[in-house]
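>
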Amino acid sequence: METRLIDSFTDESFRESFMLYFGELGITVRDWEGLFREMDTAGRGNLAYLCTDGGKAVGFIQFCLMECAGWFMTKTLGFIREFWVAPEYRGRGCGSELLGIAEGYFMERGVTSIALTTDTAPGFYIKQGYRHDPGVAAKNGDPVYIKHLY
């Protein structure tokens with residue numbers, strides 16, 4: 004398997020895997036082109052790692068740096084936006100590898116904590132060292148999980 008960084012969401016392999024992911028979640032998108040354009044231009048620094056096997060996309064992790072600010076201080080978190088592994092590759096280490104690569108990206112930039120939301124795979128994230136944080140609320144209402152890198 005091969006993993007590569009995606010910094011433009013015009014990448015066809017990423018687009019195909021993202022559409023499979025949304026299909027699996029039952030999410031309908033009227034304007035795919037607009038969605039991918041927004042990913043490129045939202046100003047949030049979206050990146051992704053794409054995992055392929057024999058040229059076929061089998062998983063991705065989309066992430067960005069997120070600035071959390073209060074009245075007295077700020078903190079930069081790593082944020083896992085979207086994460087998907089093809090059903091036939093689940094349980095084979097692809098997801099753990101993608102998550103580890105994204106965590107490495109954050110560590111290289113001095114980020115000490117990562118946040119994500121999930122309603123589909125909490126057991127996977129707990130196994131990877133993430134902990135549910137009931138004191139953090141996500142706009143989508145999903146539980147928030149945090150991992151402190153060091």
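In terms of the working numbering, the sequence shown opens at residue 4 and continues consecutively. We put the beta carbon where it would ideally sit given N, CA and C, even for glycine.
Along the beta strand (DSSP E) that carries Arg7, what are the first and last residues, could you check?
From DSSP, the beta strand (DSSP E) with Arg7 extends over 5 to 9.
> Kindly indicate the opening and closing residues of the alpha helix (DSSP H) around Ile80.
One point to set straight first is that residue 80 is Leu, not Ile, in the sequence displayed. Premise fails: Leu80 lies in the beta strand (DSSP E), 77 to 88, not in any alpha helix (DSSP H).
> Using the C-alpha atoms, what's the distance from Asp14 back to Thr55?
Rounded to the nearest angstrom, the two C-alpha atoms are 13 Å apart.
> For the segment 94 to 128, which segments carrying the beta strand (DSSP E) assignment without a break, of at least 3 residues, lie completely within its bounds, in sequence order?
Within the segment 94 to 128, the complete beta strand (DSSP E) runs of at least 3 residues are 116 to 120.
> Is Cys97 buried or exposed, if buried means 16 or more other CB atoms sit within 10 Å of its CB?
Looking at its Cβ environment, which holds 16 or more other Cβ atoms inside 10 Å, Cys97 is buried.
> What number of angstroms, rounded off, separates the C-alpha of Leu50 from the C-alpha of Ile9?
One C-alpha to the other measures close to 6 Å.
> Quick check: what's the CA-CA separation for Lys130 versus Ala118?
Rounded to the nearest angstrom, the two C-alpha atoms are 15 Å apart.
> When the distance is taken between beta carbons, is Val61 closer than 8 Å to Ala89?
Taking 8 Å as the Cβ cut-off, Ala89 and Val61 qualify as a contacting pair.
> Distance check for Tyr133 and Glu106, CA to CA, integer angstroms please.
Taking the straight line joining both Cα atoms gives about 12 Å.
> Roughly how many whole angstroms lie between the Cα atoms of Glu100 and Gly94?
Near 11 Å, if we compare the C-alpha coordinates of Gly94 and Glu100.
> From what residue to what residue does the beta strand (DSSP E) around Glu70 run?
Segment 59 to 72, the beta strand (DSSP E) holding Glu70.
> Can you have a look at Trp74 and say buried or exposed, based on whether 16 or more other CB atoms are within 10 angstroms of its CB?
Exposed.
> Assign Met76 to buried or exposed, taking buried as 16 or more other Cβ atoms, counted over all protein chains shown, within 10 Å of its Cβ.
By the neighbour-count rule (16 or more Cβ atoms within 10 Å), Met76 is not buried but exposed.
> In the DSSP assignment, find the beta strand (DSSP E) that holds Asp43 and state where it starts and stops.
Looking at the DSSP string, Asp43 is not in any beta strand (DSSP E); the run it does join, the alpha helix (DSSP H), is 35 to 44.
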